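Numbering (this note's numbering), first residue to last: 43 to 236.
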């Protein structure tokens with residue numbers, strides 16, 4: 043799902059992507075395989091990043107690795123793609139969600155796109171023993187004022203132990219970055235019959 047939504051957003055060779063909470067995920071492998079060489083993986087757990095780096099071997103040097111807390115990160119650059127699979131749903135405090143949005147807005151390049159996956163409203167109430175906030179598409183979109191939903195998907199994720207975890211996925215962009223595909227009709231001139 044992640045790769046499909048990023049691709050739908052135009053992410054490809056020459057694009058820059060940050061995978062927040064990417065840890066040991068194989069998304070970085072798939073992006074590198076597709077020629078996306080400007081990939082940053084950010085995770086609070088150095089051990090998870092080390093696992094991914096070992097798995098990638100010599101290719102690990104093609105990605106940027108950052109072990110830090112997303113909520114205290116001050117991005118020094120902007121990215122065309124922001125990917126988050128299951129970080130946002132851990133933010134049970136409104137102040138943390140506000141901080142997340144501020145970091146996202148600072149990191150997202152003009153016309154950049156966000157791919158966000160969280161537990162759906164009928165998904166698990168906890169993940170890794172921690173409480174989560176579950177969202178349907180409308181509830182999740184409401185968390186990002188100033189953004190427009192370009193795509194919404196539901197995924198029935200099957201865990202290695204055979205459990206099903208329903209996910210809500212959104213692909214978003216800033217509302218002020220949209221280019222209209224239509225031109226509004228010119229306003230009538232006073233005193234002129236149209």
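Quick reminder that beta carbons are idealized off the backbone N, C-alpha and C, glycines included. Being a predicted model, the structure only gives us computed values, none of them experimental.
The DSSP-derived three-state label of residue 198 is strand. The bridge partners DSSP lists for residue 61 are 83, 125. For the pair residue 124 and residue 98, the CB atoms are not nearer than the 8 Å cut-off. Excluding five sequence positions before and after residue 153, the CB atoms of its chain that fall closer than 6 Å to its own CB belong to 219, given in chain order. Rounded to the nearest angstrom, the Cβ distance from residue 84 to residue 112 is 6 Å, consistent with a contact under 8 Å. Put simply, the backbone Cα of residue 122 is about 15 Å away from that of residue 106. Contact between residue 126 and residue 62 holds: their C-beta atoms lie close to 5 Å from each other, under 8 Å.
In this structure, residue 148 sits away from residue 190, with a CB-CB distance that is not shorter than 8 Å. Each residue's CA atom was taken as its position, placing residue 184 and residue 212 some 11 Å apart.
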